[in-house]
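Participant: Sharing a structure with you now.
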Amino acid sequence: MTLKSALKKNLPAPIVETIRSLRGTAAWDPYKPIVLGEKDRAETRARFAEIDWHPDAPRRIIYGLIPTASLRNVGDHAQVVAIRQWIARHYPGEPVVELDKNVIIGCRDEIVSRVRANDLVFLHSGGNLGDRGLWSETARRTMIEALPDNRVVSLPQTIFFSETPLGRYQKQVSQAVYGRHGHLTVMGRDDISGSLAGTLFPRAQVITMPDFVLSLRKEEFTLAPQPENAGKIMACLRLDDESVFAPEDRLKVVERIGIPATLFDTTLDAPIEADARYGVVRDTLALFDAHEAVVTDRFHGLIFGVICRKPVVVLRTVDHKLTSAVAWFKDIPNVQFCDHLDDLAAALERVRATPVETYPDFNALYFDRLPGLVEEMERCAGEPPFVMPAVPSPQGNHGRQPLNMRSVAGKAKRRLLRAAGMTAPVVPQLKSFGSSDPDKLSDDELLAFMRHDAHRIEKSFYNRIFHAKRDYYEERRKNVRDCIALLKQRGHDMSEPTIAWADLIASRFENLEREFIEPNSTAARAFDPFRMDAFIGLAATRRSSRVWATQQPSGEELTACAKKLIDAARWAPNSGDRQPWRFLIMTDPAEKHLLKHIKEQHCYDAPCLIFVGGDRRFYGGLGENEAGLHIDGGAAIMQMVLAAHAGNFGVCWNHFSRDLIESRPRNQEIYAEFARKMRIPDHIEPVAVIAFGAAAFHPPVPPRMAVESLLIGDDRAK
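The opening residue of the sequence shown carries number 1195 in the numbering used here; numbering runs sequentially from there.
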């Protein structure tokens, strides 16, 4: 086999097509836009000349980014079949102009000269909004940039930009192009993609919709019977760079199934010509329909299985394409996610034994409502976020909540956990002595409980409720003394400052005001607005640094400075004197790079990172609201940031809470590995990572809103 043949056989079809398009040009630079080769440009112009633009029609539907025949994935062509049917059903009488990817890339100016401002533009759906699908993303950017006055609707996409220099660069290019369009709708086809779209493209109107192939019904096709496949399992496994399996490992997956199986991939060996597209989709559905169940890591393998009403076991890919998208099928109990091959046989047996009588009607839930939604989005152009109208409850037990264009993140966490067979972590709680054995509490919990109740006793004097609720505070005093006795029994030094402080409050309880508060208080200082101005001046010059100087202090010096920042943090106000903060200092590049695929480059490249967490055990019976932990963490972090700034360090506060960690399975894996290697206990709730070191420069100062703009109800006396 020649090298050329080997490449064509083993490389994914889009890459083969891209290389073919670039043939005869200078060495390909991945940072430059994709352009067609001479032969493809000539073929593209010939195809463009055959397009009927229906010049007399009042409005046309422009359907762009249709795959060419060389894209051999049946799923992409099934989307064309589905979208064509959807357009015909909802836009009857309006002519459709279809433009494939190469036509868009090669004939941009010709397209601009023919499209009118009232034409409605739909861009093909798929899994290519990102740096893995640069051929498609180039065509998508071309349409968005070329048609600034048209309503452009990018149909549901999996969005993924890799954490590589190329991925970050391509993300910036897409953000710039999309950000200039005033009538753009971007649809994610899973919760994570929808959330990413809202973050990356804030000017666009963003919603989350399922893949269009789900609008197809098996009954619409005449499927030929295949008795030779009856009782067998369809193993639809991808053979490309998105698979977690090496080519030889695909056979091992089939072996794990344990019963006769057909090994198949939705990427075919031969091109899929436009006139053969419907037949290829029909034959593929017939193949799936002939099997008893489906095991797949293909997105459309999953969808074909659902259309054919088959039990499906879903395997992971290298990104969130399936782990997130499987949430669309949470109401179908015989569609289940399997994260480990060791569990495959059991998962397959489970779904085969789970009968399902009714399936969600995805057309009624989503696709039939989309035309009205597009019209509403045009009326609301420039006023995101737009709230999707309420979904009428479908028949059966498949009710779904109305979707909101900006509210997918919270649902993503819950759906992902359920889809992966996980539940939210059990939060250990510090309960009162009346409902928990104090001997089972850790030293840290005892200290927090002691501080909290001592603080409540002291605070009652300032609020003048001590005498009115004397019995209540007598119980708090007993708790403090019991904690101190247990700590002493465990060998703690009674002169430790917080223990001595709590003991003083408990022992002076009968005359607390004169024997504790008065002798330990200081006179209030005179009001001095100039000191306020000095502090505000310091705060106003603080910037978030993300570029680091070449010359940095040594690791030892950075660690010493980090401890000074933690010293500043421990004096922050916190609820109930719990002092929940816990910190981890990292200057070793190997440790910092554990966060490489969950945090941005300025974090893991920072000279020093400080992980900030909070001990959630301190909040259970004391408040039942974990939000307090994050508020306490934020107060400590702000003092760290200002202390670093006062010492002329560059510093950046970076979000690192559960909503980020649980937003995709890969993040969960990264944090689990990070916590394991750094020995972070399960009861430490992550809050943030603080990056600091010598900054390369101070970024420009963005303007802040005027004080008057921040006041609520300032006109209430008028």
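Glycine residues also receive a C-beta, built at the ideal position from the N, C-alpha and C atoms.
1. In whole angstroms, give me the CA-to-CA distance for LYS1295 and GLY1269.
2. Got a sec? Which residues, its chain only, sit under 7 Å from ALA1743 by beta carbon, not counting five neighbours each side?
3. Excluding sequence positions up to five away, which residues of its chain have a Cβ less than 6 Å from the Cβ of PRO1893?
4. Would you identify the three-state DSSP class for ILE1760, choosing helix, strand or coil?
5. When the Cβ atoms of the region 1760-1775 are set against those of the region 1818-1832, are three or more pairs found closer than 8 Å?
6. I'd like to confirm the pairing. Which residues does DSSP put opposite THR1379 in its beta bridges?
7. Whole alpha helix (DSSP H) runs in the region 1812-1892 with 4 or more residues, listed along the chain?
8. Using three-state DSSP, classify PRO1804 as helix, strand or coil.
9. Which residue's Cα is closest to the Cα of PRO1404: PRO1350, CYS1755, ALA1840?
10. By DSSP's criteria, CYS1430 is part of a beta bridge. Which residues make up the other side?
11. What three-state label does DSSP hand TYR1553 in the structure shown?
12. Can you tell me whether GLN1399 is buried or exposed, with buried defined as 16 or more other CB within 10 angstroms of its CB?
13. Report the residue from LEU1823, LEU1417, LYS1790, LEU1759 whose alpha carbon sits nearest the alpha carbon of VAL1845.
14. Just list the beta strand (DSSP E) runs in the region 1222-1292, keeping only unbroken ones of 3 residues or longer that don't cross its boundaries, in chain order.
15. Return the CA-CA distance between ASP1303 and ILE1245, expressed in angstroms with no decimal places.
16. Within 10 angstroms of the Cβ of GLY1907, are there 16 or more other Cβ atoms? Answer buried if so, exposed if not.
17. Go ahead and pull the three-state DSSP assignment for ARG1898.
18. According to DSSP, is ASN1423 helix, strand or coil?
19. Assign ALA1484 to buried or exposed, taking buried as 16 or more other Cβ atoms, counted over all protein chains shown, within 10 Å of its Cβ.
20. Under 8 Å between the Cβ atoms of VAL1806 and ALA1885?
21. Compute the beta-carbon to beta-carbon distance between ALA1519 and LYS1504, rounded to the nearest angstrom, for a pair I have assumed lies under 8 Å.
22. Using C-beta distances below 6 Å, list every residue in its chain close to PHE1850, excluding the 5 sequence neighbours before and after it, in chain order.
23. Can you tell me the Cβ-Cβ gap for ASP1809 and PRO1774, rounded? I've got them flagged as a contact below 8 Å.
24. State the start and end residues of the unbroken alpha helix (DSSP H) segment that holds GLN1530.
25. Between GLN1366, ARG1898, ALA1662, LYS1790, which has its C-alpha nearest GLU1863's C-alpha?
26. If you draw a straight line from the C-alpha of HIS1318 to the C-alpha of LEU1341, how long is it?
27. Anyone know if the C-beta pair for LEU1431 and ASP1385 falls short of 8 Å?
28. Note down, in chain order, each residue of its chain lying with its Cβ closer than 8 Å to the Cβ of ALA1464, except the 5 sequence neighbours on either side.
29. Looking only at its own chain, which residues have a Cβ that is under 6 Å from the Cβ of LEU1538, when we skip the five neighbours before and after it?
30. To the nearest angstrom, report how far apart TYR1257 and HIS1284 are at their CA atoms.
31. Got a sec, what are the start and stop residues for the alpha helix (DSSP H) ARG1810 sits in?
32. According to DSSP, MET1726 sits in a beta bridge with which residue or residues?
33. Could you compute how far the alpha carbon of ARG1544 sits from the alpha carbon of ILE1427?
34. Contact between the region 1372-1379 and the region 1390-1399 is defined here as three or more beta-carbon pairs at a separation below 8 Å; is this criterion met?
35. What is the DSSP secondary structure of ASP1313, counted as helix, strand or coil?
36. So what's SER1748 in DSSP terms, helix, strand or just coil?
Facilitator: Taking the structure as given:
1. 16 Å
2. ALA1888, ALA1889, ALA1890
3. ARG1737
4. helix
5. yes
6. VAL1347, GLN1399
7. 1814-1817, 1821-1840, 1852-1855, 1859-1872
8. For clarity, residue 1804 is Ile in the given sequence; the question names Pro instead. Three-state result, ILE1804: strand.
9. PRO1350
10. PHE1458, THR1490
11. coil
12. buried
13. LEU1759
14. 1255-1260
15. 15 Å
16. exposed
17. coil
18. helix
19. buried
20. no
21. Not confirmed; about 17 Å, so no contact.
22. PRO1880, ALA1882, VAL1883
23. 5 Å
24. Looking at the DSSP string, GLN1530 is not in any alpha helix (DSSP H); the run it does join, the beta strand (DSSP E), is 1529-1531.
25. LYS1790
26. 16 Å
27. no
28. ARG1266
29. ARG1450, CYS1532
30. 14 Å
31. Looking at the DSSP string, ARG1810 is not in any alpha helix (DSSP H), and its letter there is neither H nor E.
32. DSSP lists no partner for MET1726.
33. 14 Å
34. yes
35. coil
36. coil
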